[in-house]
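Participant:
Protein chains: 2
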Amino acid sequence: MTSGLRVVPVEDLPEVRPGDVLADLLAAACSIETGDVVVVTQKVVSKAEGRLVAVADEAAHRALVEAESVRVLRRRGRLVVSETTHGFVCASAGVDVSNVEHGWAALLPVDPDRSARRIRAGLRARTGVDVAVIVSDTFGRPWRRGVTDVAIGCAGIAAVVDLRGTVDALGRELEVTEVCVVDELAAAAELVMGKSASIAAAIIRGVDPAWLRPSSVNAEVVSHPSEDLYR
Amino acid sequence: MTSGLRVVPVEDLPEVRPGDVLADLLAAACSIETGDVVVVTQKVVSKAEGRLVAVADEAAHRALVEAESVRVLRRRGRLVVSETTHGFVCASAGVDVSNVEHGWAALLPVDPDRSARRIRAGLRARTGVDVAVIVSDTFGRPWRRGVTDVAIGCAGIAAVVDLRGTVDALGRELEVTEVCVVDELAAAAELVMGKSASIAAAIIRGVDPAWLRPSSVNAEVVSHPSEDLYR
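For the protein sequence lines, the chains are A and B, in the order given. Residues 1 to 231, numbered by our numbering, are exactly what the first sequence covers, in order. Residues 232 to 462, numbered by our numbering, are exactly what the second sequence covers, in order.
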């Protein structure tokens with residue numbers, strides 16, 4: 001068991017408040033090495049960035065979801081699936097009331113790729129170490145029960161790894177080839193977080209160094225309506 | 232870095248042929264411990280189970296995709312997104328020609344949960360070790376570019392972990408609560424496989440022992456049309 005990946009929770013991150021500098025809190029809470037991928041949940045990024053809004057009641061919450069949506073795709077009961085200004089399609093436009101103080105809701109970061117770049121630059125400034133950063137969130141998906149974590153922002157790592165043109169083990173050109181590695185890394189990180197344990201970050205060590213390059217979720221993962229079979 | 236997960240590729244699995252007993256090949260290729268999750272790709276499971284069909288040309292391939300589909304959801308050019316007999320929604324009904332000999336296609340296993348149970352029982356019989364088994368496949372998804380690996384079958388592990396009713400760090404009941412851990416584990420495994428390196432299995436060590444219980448993807452992940460907003 002010497003090769004492969006390690007996925008380790010960051011256990012000692014304190015409760016995050018508006019104005020906190022996440023890179024400082026992360027640098028104090030864990031030890032990072034060059035090439036690590038640091039996955040941070042949207043919730044603490046939104047808190048640090050002050051993306052908290054008072055919601056007096058369910059009507060206020062509903063209005064907030066509408067305001068954060070550019071288009072509603074599906075409704076059923078209290079569930080609203082909509083497209084956010086970022087182009088994400090998710091429940092409640094990412095407006096979230098869990099792990100937030102009662103009477104408040106957390107909105108998605110304005111630009112989660114920029115959030116990831118800022119955390120990455122802060123960690124480099126404080127530690128001298130070059131890591132990749134992923135901001136993750138928990139999304140449902142069509143046709144399959146259960147939620148999984150995906151990447152809503154990234155920095156210093158390819159969002160999608162294009163294997164097009166490479167050949168498989170039998171020497172044939174591969175057909176399905178663009179792997180969304182940042183979503184897979186976000187999913188792997190979620191496995192060590194635990195929804196109720198208040199672990200909001202994880203470190204993944206051992207990713208392919210070839211993946212470490214400038215990239216963004218917005219440019220590489222969010223699909224354009226013109227190419228999207230589902231909008 | 233002592234807690235958390237390790238994700239390790241199984242490097243020494245030989246080329247799999249119809250009639251091979253996967254549990255034998257896996258037991259010879261890697262060392263497993265109680266509580267490990269063994270993730271095996273659909274491709275080798277389909278090969279071992281003889282789910283290979285000759286496809287003379289593109290018309291034959293198209294006919295095969297139709298035959299494997301109960302319903303076509305979307306078409307664009309050569310891309311067909313359809314629902315399989317299992318209830319999976321994926322490209323080409325899971326019919327796959329990569330990493331298969333030229334002129335042949337691999338179909339999905341008839342019952343991937345049963346495939347996982349068989350591998351699990353075989354590993355226990357040969358090694359005395361209780362592991363969980365996930366059969367994974369590579370699916371696209373709406374609204375996001377790139378493919379990720381998901382679970383199409385499982386044994387000995389909860390497909391979905393229900394955190395409903397548990398409380399978050401601030402003592403409030405959680406809202407989004409059913410996490411599809413088998414999809415997240417399949418995604419984590421894909422990260423060490425590499426499409427062209429012909430690595431078809433991985434071992435994940437360190438998962439929460441509370442997740443290790445009888446389950447199936449069919450019962451817990453495949454959503455019923457009645458509850459599905461997207462069919």
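We put the beta carbon where it would ideally sit given N, CA and C, even for glycine.
State yes or no: is the C-beta of VAL45 of chain A nearer than 7 Å to some heavy atom of the ligand MN?
Facilitator: Absence of the ligand MN is noted for the structure shown, with no ligands found whatsoever.
Participant: Taking C-beta pairs closer than 7 Å, name the residues in chain B that TRP104 of chain A reaches, listed in chain order.
Facilitator: Those within 7 Å of TRP104 of chain A in chain B number zero; the least Cβ separation is about 10 Å.
Participant: Under a three-way DSSP split, which group does GLU15 of chain A fall into?
Facilitator: DSSP places GLU15 of chain A in the coil class of the three-state scheme, outside both helix and strand.
Participant: First and last residue of the beta strand (DSSP E) that includes GLY122 of chain A?
Facilitator: First-last for GLY122 of chain A: 112-127, but that is the alpha helix (DSSP H), not the beta strand (DSSP E).
Participant: Does MET232 of chain B come out as helix, strand or coil in the three-state DSSP assignment?
Facilitator: Only weak support is given to the placement of MET232 of chain B: the predicted model assigns it a pLDDT of 43, under 50, and the value that follows is read from those uncertain coordinates. It is coil, neither helix nor strand.
Participant: Compute the beta-carbon to beta-carbon distance between ALA433 of chain B and VAL239 of chain B, rounded to the nearest angstrom, for a pair I have assumed lies under 8 Å.
Facilitator: 6 Å
Participant: I need the boundaries of the beta strand (DSSP E) containing VAL39 of chain A, first residue and last residue.
Facilitator: Looking at the DSSP string, the run of the beta strand (DSSP E) that includes VAL39 of chain A is 37-41.
Participant: Spell out whether any CB of chain B is found under 8 Å from the CB atom of CYS180 of chain A.
Facilitator: yes
Participant: DSSP has TRP104 of chain A in a bridge; who is on the other side?
Facilitator: Bridge partners of TRP104 of chain A: A:ALA54.
Participant: Which stretch, first to last residue, makes up the beta strand (DSSP E) that contains ALA441 of chain B?
Facilitator: Here ALA441 of chain B belongs to no beta strand (DSSP E), and DSSP marks it neither H nor E.
Participant: Please state whether DSSP places LEU460 of chain B in a helix, a strand or coil.
Facilitator: coil
Participant: Check whether the Cβ atoms of GLY384 of chain B and PRO340 of chain B lie closer than 8 Å to each other.
Facilitator: yes
Participant: Who are the near neighbours of MET232 of chain B in its chain, counting only those whose CB is closer than 7 Å to its CB and skipping five residues on each side?
Facilitator: No answer about MET232 of chain B holds up, because its pLDDT of 43 lies below 50 and its placement is not dependable.
Participant: Give me the Cβ distance between ARG51 of chain A and LEU107 of chain A, rounded to the nearest whole Å; I'm assuming they're in contact under 8 Å.
Facilitator: 4 Å
Participant: Quick check: the Cα distance between GLY371 of chain B and VAL182 of chain A, rounded to an integer number of angstroms?
Facilitator: 14 Å
Participant: Given a limit of 7 Å on CB to CB distance, which residues of the region 343-364 of chain B reach chain A?
Facilitator: Legend: CB atoms of the region 343-364 of chain B lying less than 7 Å from CB atoms of chain A are not found in any residue.
Participant: Any beta carbon from chain B within less than 8 Å of PRO18 of chain A's own beta carbon?
Facilitator: Not a single C-beta of chain B is nearer than 8 Å to the C-beta of PRO18 of chain A.
Participant: Compare the C-alpha of CYS261 of chain B against each of B:ALA285, B:GLU299, B:ALA431, B:SER447 and name the closest.
Facilitator: B:ALA431
Participant: Which residues in the same chain have their Cβ closer than 8 Å to the Cβ of LEU5 of chain A, if we skip the five residues on either side of it in sequence?
Facilitator: ALA188, ILE204, ARG205, GLY206, VAL207
Participant: Using a C-beta to C-beta distance shorter than 9 Å, which residues of chain B count as neighbours of LEU229 of chain A?
Facilitator: LEU304, ARG305, ARG306, ARG307, LEU310, VAL312, PRO373
Participant: Can you grab the Cα-Cα spacing for the pair LEU257 of chain B / ALA352 of chain B, in whole Å?
Facilitator: Their Cα atoms are separated by approximately 12 Å.
Participant: So what does DSSP say about ARG306 of chain B, is it helix, strand or coil?
Facilitator: strand
Participant: Tell me where the alpha helix (DSSP H) around VAL182 of chain A begins and ends.
Facilitator: 181-190
Participant: Output, in chain order, the set of chain B residues within a Cβ distance shorter than 9 Å of VAL44 of chain A.
Facilitator: Within chain B, no residue comes near VAL44 of chain A; the closest Cβ sits about 11 Å away, beyond 9 Å.
Participant: Can you tell me whether SER198 of chain A is helix, strand or coil according to DSSP?
Facilitator: coil
Participant: Between which residues of its own chain and SER136 of chain A is the CB-CB distance below 8 Å, once the five residues before and five after are set aside?
Facilitator: VAL39, VAL40, THR41, GLN42, ASP149, VAL150, ALA151, ILE152, ALA186, ALA189, GLU190
Participant: My output table needs one value for GLU178 of chain A: the three-state DSSP class, helix, strand or coil.
Facilitator: In the structure shown, the three-state DSSP call for GLU178 of chain A is strand.
Participant: Please list, in chain order, all residues of the same chain as THR127 of chain A whose beta carbon is under 7 Å from its beta carbon, the five residues on each side excluded.
Facilitator: ALA27, ILE32
Participant: Nearest CA to the CA of ASP288 of chain B: which residue from B:GLY318, B:HIS333, B:HIS317, B:VAL276?
Facilitator: Of the listed residues, the one whose Cα sits closest to ASP288 of chain B is B:HIS333.
Participant: For a test of the three-state rule: what should DSSP assign to GLU220 of chain A, helix, strand or coil?
Facilitator: Note: GLU220 of chain A maps to helix in three-state DSSP.
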